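Residue numbers (this note's numbering): -10 to 152.
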């Protein structure tokens, strides 16, 4: 039997949504950082030719990361909330709710993603990319950052001694 001095599975469960939401938030920031560069005035005219193939590759690889991270975040957040640990369960529940709300933005971006991949409307990739990034930034501020903050508070509360 492993000693809790070396490995505490409960502590891993408590910190898991902090770690996965941190990774998702970092990935979200990287998406903005790298894709927004295409819209710089220096690159704007070249973007229309590059965006469809780039975004198709980028999106198809990245969707797996997002799917895995948000599945793990919501699963571990829900598990922590259901355990009603040390007054932290409400924070885990709130973080899980915010993480799930990330998916409510799908209807606002799915047509933009399709347009970017299919180059529709033809030759206007920079406009479509700007629209996708605008929704992406709003989604990040309204769901991803609050989810992360809730999970941090939940973790800190869960490791406090009972009073």
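Each residue gets a CB set at the ideal place from its N, CA and C atoms; glycine is no exception.
On a predicted model such as this, the values are computed, not experimentally measured, just so you know.
By Cβ distance, which residues of its chain are closer than 6 Å to residue 17, with the 5 residues on each side in sequence left out?
Short of 6 Å from the beta carbon of residue 17, and not among the five residues preceding or following it, lie these beta carbons of its own chain, in chain order: 129 and 133.
Rounded to whole angstroms, what's the CA-CA distance from residue 116 to residue 89? Just pull it up for me.
If you take the alpha carbons of residue 116 and residue 89, they lie about 28 Å apart.
Whose CA, out of 96, 139, 56 and 99, lies closest to the CA of residue 79?
Closest by alpha carbon: 139.
Cα-Cα separation between residue 127 and residue 77, rounded to whole angstroms:
Rounded to whole angstroms, residue 127 to residue 77 spans 27 Å at the Cα level.
Roughly how many angstroms lie between the CA atoms of residue 50 and residue 75, to the nearest whole one?
When the Cα atoms are used, residue 50 and residue 75 turn out to be separated by approximately 39 Å.
According to the neighbour-count rule (16 or more other Cβ atoms, all chains shown, within 10 Å of its Cβ), is residue 121 buried or exposed?
Counting Cβ neighbours within 10 Å, residue 121 comes out buried, since at least 16 surround it.
Between the alpha carbons of residue 8 and residue 46, how many angstroms are there, rounded?
Taking the straight line joining both Cα atoms gives about 26 Å.
Would you please verify whether the beta carbon of residue 62 is less than 8 Å from any beta carbon of chain B?
Annotation note: the requested chain B is absent from the structure, which comprises a single protein chain.
Among 113, 68 and -3, which one has its Cα closest to the Cα of residue 81?
It is 68.
Uninterrupted alpha helix (DSSP H) stretches inside the segment 57 to 91 (no shorter than 4 residues)
Runs of the alpha helix (DSSP H) inside the segment 57 to 91: 78 to 90.
Sorted by chain position, which residues of the same chain lie with C-beta nearer than 8 Å to residue 106's C-beta, five sequence neighbours on each side aside?
Within the same chain, residue 106 has close Cβ partners 41, 44, 45 and 48.
Is residue 24 buried or exposed, if buried means 16 or more other CB atoms sit within 10 Å of its CB?
With 16 or more Cβ atoms within 10 Å of its Cβ, residue 24 is classed as buried.
Check whether the Cβ atoms of residue 6 and residue 84 lie closer than 8 Å to each other.
Cβ distance < 8 Å, so residue 6 and residue 84 count as in contact.
Simplified DSSP assignment, three categories, for residue 27
Here residue 27 sits in helix by DSSP.
Measuring straight from C-alpha to C-alpha, what distance separates residue 94 and residue 62?
Inter-residue distance for residue 94 and residue 62 is about 17 Å (C-alpha atoms, whole angstroms).
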